[in-house]
Every structure is written in structure tokens, then in C-alpha cells.
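Below: the structure, in C-alpha cells.
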Amino acid sequence: MIRLFAAVPVPFDIAEGLAHRQQGLPGARWTPAENLHVTLRFFGEVSEAVAANLDAQLATVTLQSFEAALQGAGAFGNAERVRAVWAGVAESEPLRRLAGKCETAAKRCGLKPEARAYRPHVTLAYMKRSIEPRAAAWVQGHNLLHSPPWRVRTFGLYSSWLSREGSRYELERTYPLS
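Under the working numbering, think of the first position of the sequence shown as 1, with each following residue one higher.
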């Protein structure tokens, strides 16, 4: 079994620009720059056969390259516990189409449809513990976040390896956009 997701990598210069925002929140496990990405579809634990089929399906995705940019900040969780803080992604129809094509690939491989609405974001930190007012203050302090646009020319299939120190991601395959 292998844990997989499809994502657009965040370019290094954009990731470096986020580094100064990755502070001031007790209990945060900040995501290293090399792990920052915009998830298109989390596939979860799949067999090697399903992984090979996913790779074949994703290789057939056709879409023109497009621009993306970060905009705003937010958090996942509730008033009792914040699970993660994130940088938002500016509305992008091409990004939504790409995520939809990844969803279609998952369905063709027999995976269950994603139940949650797609909300493009870059996870900046997972919370070991959080005090909701502190997380809310962090989000409010970063809600004007805006990055320069970058050209999305590829997306990738990544494996995710969990450990006590956090997740480690490995790029398994890159798919070009035309």
C-alpha cells in the first residue's frame, strides 16, 4: 500500500516568501518549503496496482498551463481545536478544472468520490495543539497574504510517508501541461 496525492508544487521563491509567515503560533508544526504544494486530490492508501492505474490515468490529463497565485489565509478545524493553518489560492478556473480531472482519474480507478468541496490552499502548518483565539489572530494577521503569480506548467503524483516528525513527501511522477 502506498499513500498518494496529486498536487501542484509551490515554486521555491514563493515558498521562501511564505517562510516569514511561519512563526508566532504556539503548537504549530511548520511545513518545510520543499513540502509546500496545492493539493489537487488526496487519493489515500492505495495498492500498487491502483497506483499504477492512477499514474496511467493522470498521464492522459490535458490542460493548458496557467497562472496561479496565493491569496489570503485560513484555518481548518473548529472553535475547540484548529488542525491546520493555510495560505489560500486565488480563484482559478484552470486549477479547478485540473482538480476535476484528478477527481475523474480517481473515479476511473475505482476510488470513492471526494465528499468535500474543493478548497485550494497551501498548508503552512499542522497544529499539535492550538488555542483557537491564537490561531484566529494568526489568520487575521495574515489575511492580506498575496503572492506574485507563477506559471503552473506541471503537476505531480506524490507519495506521503508519515512519521512522528511529520509527513515526508516524494514526487513519484511529473505530468506536463501544454
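Quick reminder that beta carbons are idealized off the backbone N, C-alpha and C, glycines included.
Delimiting residues of the alpha helix (DSSP H) encompassing residue i
| i | result |
| --- | --- |
| T104 | 93-108 |
| G17 | 12-19 |
Range covered by the beta strand (DSSP E) that runs through residue i
| i | result |
| --- | --- |
| A7 | 2-9 |
| Q71 | 70-77 |
| G156 | 154-163 |
| A56 | Per DSSP, A56 belongs to no beta strand (DSSP E); it is in the alpha helix (DSSP H), 48-59. |
| A28 | 28-30 |
In DSSP terms, what residue i is bridged to
| i | result |
| --- | --- |
| V89 | L70 |
| T174 | G156 |
| Y169 | S160 |
| W150 | A68 |
| V38 | V8 |
| A84 | F76, Y126 |
| G44 | L4 |
Three-state class that DSSP yields for residue i in the structure shown
| i | result |
| --- | --- |
| L145 | coil |
| A125 | strand |
| R134 | helix |
| A115 | coil |
| Q140 | helix |
Close beta carbons around residue i, own chain, < 8 Å, minus the five adjacent residues each side
| i | result |
| --- | --- |
| A125 | Q22, L25, A28, R29, W30, T31, A84, V85 |
| V139 | A73, G74, A75, V85 |
8 Å contact criterion, which residue i and residue j should meet: CB distance rounded
| i | j | result |
| --- | --- | --- |
| V8 | A68 | 7 Å |
| L58 | L157 | 6 Å |
| P3 | S163 | It should be pointed out that residue 3 corresponds to Arg in this sequence rather than to Pro. That belief does not hold up - the Cβ atoms of R3 and S163 are roughly 12 Å apart, past 8 Å. |
Sequence-distant residues of its chain with Cβ nearer than 7 Å to residue i (five each side left out)
| i | result |
| --- | --- |
| Y118 | R96, A99 |
Spatial neighbours of residue i in its chain, beta-carbon cut-off 6 Å, leaving aside the 5 residues before and after
| i | result |
| --- | --- |
| A173 | In the sequence as displayed, the identity of residue 173 is Arg instead of Ala. These residues qualify, in order along the chain: D55, L157. |
| E170 | S159 |
| F42 | F5 |
| V50 | C109 |
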